[in-house]
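Q:
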Amino acid sequence: MGCWFPFHAAGQATRDEDGRYYADNGEPTYYIAQDGQVDWSTFNGYRRYHAQCHMCHGPDAEGSTFAPSLLAPMKAMDYTTFRDLVIHGLRTVDPAQQRVMRAMGQDRNVMCHLPDIYVYLKARADGVLGRRRPDNHQPKSEAAARDEVACLGNP
3 MGCWFPFHAA GQATRDEDGR YYADNGEPTY YIAQDGQVDW STFNGYRRYH
53 AQCHMCHGPD AEGSTFAPSL LAPMKAMDYT TFRDLVIHGL RTVDPAQQRV
103 MRAMGQDRNV MCHLPDIYVY LKARADGVLG RRRPDNHQPK SEAAARDEVA
153 CLGNP
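Just so we're aligned, residue 3 is where the sequence shown starts under the numbering used here, counting upward by one.
Shown next as structure tokens:
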């Protein structure tokens with residue numbers, strides 16, 4: 003289980019709906035069991051982040067020379083803000099630098115898995131998930147499989 007710290011956390015998870023975990027405020031969150039097993043959303047978020055986002059933001063959201071680490075901003079970022087940034091992108095220009103993140107609102111490989119990417123990044127930012135692929139995860143729920151097919155279409 004080498005990718006977890008000695009403690010394990012349920013994030014702010016207060017309820018489980020078909021294998022997805024939510025906080026009291028209704029936002030998606032991660033769940034990491036005492037034995038280190040992560041929920042499917044966190045695992046899928048790892049997969050999707052590394053398929054779509056790590057080229058700019060670096061492995062495990064640690065940043066790169068091209069784009070910043072996401073760990074510090076994710077500590078305080080709510081899901082609505084995250085969703086809006088991903089959908090619309092971001093452009094920051096000042097005398098020292100120019101940063102541009104493309105809008106991904108039309109990219110189904112991102113949008114169909116946005117809650118999963120969010121919970122993965124929150125677990126990383128909260129320091130409860132290490133820098134490697136999670137070794138142990140819950141299976142994909144039937145609801146998650148149905149949602150994926152509905153969003154992406156049949157494989």
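Beta carbons: idealized from backbone N, C-alpha and C, even for Gly. Since the structure is predicted, the reported quantities are computational estimates derived from the model, not experimental observations.
Can we say the stretch 130-149 touches the stretch 82-100, given the rule of at least three CB pairs closer than 8 Å?
A: no
Q: According to DSSP, is residue 154 part of a helix, a strand, or is it coil?
A: Here the question's residue 154 lines up with position 152 in the sequence shown. Helix, per DSSP.
Q: Name the residue from 152, 73, 125 whose alpha carbon lies nearest to the alpha carbon of residue 46.
A: Position 44 of the sequence shown, counted from the start, is the residue given in the question as residue 46. That would be 125, whose Cα lies nearest to the Cα of residue 46.
Q: In chain order, what residues of the same chain lie with their CB nearer than 7 Å to the CB of residue 118, ignoring the 5 residues before and after it?
A: For the purposes of this step, residue 118 is taken as the residue at position 116 of the sequence shown. Only 43, 46, 47, 50 meet the Cβ criterion.
Q: Write down every uninterrupted run of the alpha helix (DSSP H) in the stretch 13-95 whose length is 4 residues or greater and which is fully enclosed by it, in chain order.
A: 42-54, 56-59, 73-78, 81-90
Q: According to DSSP, simplified to helix, strand and coil, what is residue 121?
A: The residue you call residue 121 lines up with position 119 of the sequence shown. Here residue 121 carries a helix assignment [DSSP, helix/strand/coil].
Q: What's the gap between the Cα of residue 61 and the Cα of residue 28?
A: Here residue 61 is taken as the residue at index 59 of the sequence shown, counted from 1. Here residue 28 is taken as the residue at index 26 of the sequence shown, counted from 1. One C-alpha to the other measures close to 28 Å.
Q: Quick one: is residue 37 buried, meaning 16 or more other Cβ sit within 10 Å of its Cβ, or exposed?
A: For the purposes of this step, residue 37 is identified with residue 35 of the sequence shown, where counting begins at 1. Label assigned to residue 37: exposed.
Q: If you run the structure through DSSP and keep just helix, strand and coil, what is residue 133?
A: Sequence index remark: in the sequence shown, residue 133 carries index 131 (1-based). Residue 133 falls in the coil class under three-state DSSP.
Q: Does the separation of the CB atoms of residue 131 and residue 88 fall below 8 Å?
A: Here residue 131 refers to the residue found at position 129 of the sequence shown. Here residue 88 refers to the residue found at position 86 of the sequence shown. It is not a contact, given that the beta carbons lie outside the stated cut-off.
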